[in-house]
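Residue numbers (the numbering used here): 76 to 569. Built from N, CA and C at the ideal position, the CB exists for glycine as well. Below: one structure, written as structure tokens.
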């Protein structure tokens with residue numbers, strides 16, 4: 076049922092997920108560029124800036140080798156990953172023995188938990204592996220959960236490290252208290268080394284195999300750089316990302332909008348669930364510390380709630396980036412909320428109330444997605460990507476203006492350079508401070524200076540290069556605007 080729901084939402088959201096701008100000047104297009112560059116011999120983190128892990132590139136090489144390096148193949152990968160996540164949610168639902176109310180929450184909030192499209196295969200791979208890990212954890216299989224979390228570290232150096240750390244602690248505590256719980260009163264705690272070794276072996280083997288395979292394919296230096304979160308931390312610091320920054324507040328801050336408009340978004344459900352999960356996590360953590368003798372199912376439930384609460388809290392306080400970064404880990408919120416509903420009548424009522432809030436947001440969101448089938452359409456001039464009539468007309472103007480000229484596409488992200496033949500081929504995937512390598516930025520500036528035409532987004536709010544990057548800004552200031560629409564603009568050298 077979950078898988079069918081994933082497919083239905085993917086079909087409904089297909090025009091939006093195949094949007095022209097998101098592939099021409101958005102992160103989805105940048106992932107196609109990553110695959111293009113690596114296929115042509117460029118090394119991530121050495122020849123071009125790349126903030127994620129090597130595992131998604133290897134998966135993408137096989138995937139796009141079969142289906143072609145196209146937006147359609149990208150979205151097919153997203154749907155396939157969503158179905159895999161549905162398996163994790165289904166195993167979680169069964170193992171946790173959720174109440175009918177909690178099952179209703181899972182069904183209603185599933186399009187929130189499993190996004191129909193994410194910015195890259197790195198985000199998708201991490202989501203699939205962590206969702207499956209939580210599914211195995213809910214079944215009491217901590218060893219398999221740790222192995223999946225270990226693999227997730229090779230996809231994206233973020234929450235998988237924290238989840239793996241929490242799992243190791245829980246595994247050690249479980250092995251240490253195993254004889255105490257089973258022997259009864261009077262027994263002293265004692266480490267069960269055999270159980271500990273058997274539990275840790277799958278993660279150890281997984282990590283060593285991935286190091287050997289990815290290191291041999293992409294090199295030791297790129298693998299090492301991708302395994303450390305230092306690059307991502309530098310990007311977040313340079314771009315001033317954070318949950319409480321003015322840009323991110325546009326996602327969750329209700330001030331400035333009507334209550335009706337606010338509750339038509341996912342923000343009330345996400346914020347309410349995050350706050351409640353933090354409280355439930357404190358309660359579950361206290362139970363874990365004070366009730367080592369509780370039965371296995373109750374202990375696993377408390378572990379899930381505690382881990383989801385810690386992961387979501389750290390994400391909000393330390394890893395939250397641009398406004399749309401809420402889409403990276405919503406499955407953690409939904410799974411933690413569903414598990415917390417088992418704590419008693421009060422938590423179950425909270426879960427029901429949040430289900431209603433989620434339902435309101437879903438009706439609006441899916442309605443907007445359905446409307447896109449009527450108000451947008453693909454076109455040969457947009458390479459089969461979907462756009463509204465006004466945007467299609469703008470892109471048609473862009474194509475006619477740059478015909479026969481040496482043209483580069485300039486944006487923070489995007490794949491226009493490989494999706495449309497009139498553009499120069501890419502030399503990097505992400506053109507932003509700290510994301511692009513210094514040499515890569517210099518080459519990009521040199522190409523802009525040598526180009527006849529430059530195509531850019533029309534405004535910073537929809538993806539123009541970072542305005543506080545002095546060298547790039549100075550270069551762009553020497554361009555004159557030939558034509559400017561609502562979404563795109565065409566410039567040339569003065």
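A residue is called buried when at least 16 other Cβ atoms come within 10 angstroms of its Cβ; residue 484 meets this threshold and is buried.
Secondary structure note for residue 378: its alpha helix (DSSP H) is the uninterrupted segment 371–389.
The segment 394–481 contains, as complete beta strand (DSSP E) runs of 3+ residues, the segments 451–453 and 461–463 (chain order). Between residue 204 and residue 470, the C-beta gap is not smaller than 8 Å, which leaves the two residues out of contact. With 16 or more other CB atoms across the displayed protein chains lying within 10 angstroms of its CB, residue 523 is buried. Taking the C-beta atoms as reference points, residue 332 is found no nearer than 8 Å to residue 356. Burial is judged here by how many other beta carbons sit within 10 angstroms of a residue's own beta carbon; residue 364 has fewer than 16 and is exposed. Taking C-beta atoms under 8 Å as the contact rule, residue 130 and residue 271 fail to qualify, at a distance of about 27 Å. A residue is called buried once 16 or more other Cβ atoms fall within 10 Å of its Cβ, and residue 166 is buried on that count. If you look at residue 563, you'll find it in the beta strand (DSSP E) that goes 563–568.
At a cut-off of 4 residues, the continuous stretches assigned as alpha helix (DSSP H) that sit fully inside the segment 284–367 are 295–302, 305–313, 321–327, 334–338 and 342–365. Burial of residue 117 is indicated by the presence of at least 16 other C-beta atoms within 10 angstroms of its C-beta.
The secondary-structure analysis by DSSP pairs residue 94 across a beta bridge with 461.
Each of 108, 230, 240 and 555 was checked against the Cα of residue 134, and the nearest Cα belongs to 230.
Listed in chain order, the non-local C-beta contacts of residue 208 below 6 Å within the same chain comprise 220, 223 and 224, local neighbours out to five positions each way being set aside.
If you look at residue 554, you'll find it in the beta strand (DSSP E) that goes 554–559. Buried is the label assigned to residue 529, since at least 16 other Cβ atoms lie within 10 Å of its Cβ. Taking C-beta separations shorter than 7 Å and ignoring five residues to either side along the sequence, the partners of residue 196 in its chain run 106, 131, 134, 135 and 152, following chain order. In this structure, DSSP gives residue 149 a helical state, which the three-state scheme calls helix. About 6 Å separates the beta carbon of residue 150 from that of residue 93, a gap short enough to meet the 8 Å contact definition. The three-state reading of DSSP puts residue 194 in coil, since its state is none of H, G, I, E or B. Distances from the alpha-carbon of residue 343 to those of 435, 360, 123 and 481 put 435 closest. Excluding five sequence positions before and after residue 556, the CB atoms of its chain that fall closer than 8 Å to its own CB belong to 564, 565 and 566, given in chain order. When the beta-carbon positions are compared, residue 218 and residue 491 stay at least 8 Å from each other.
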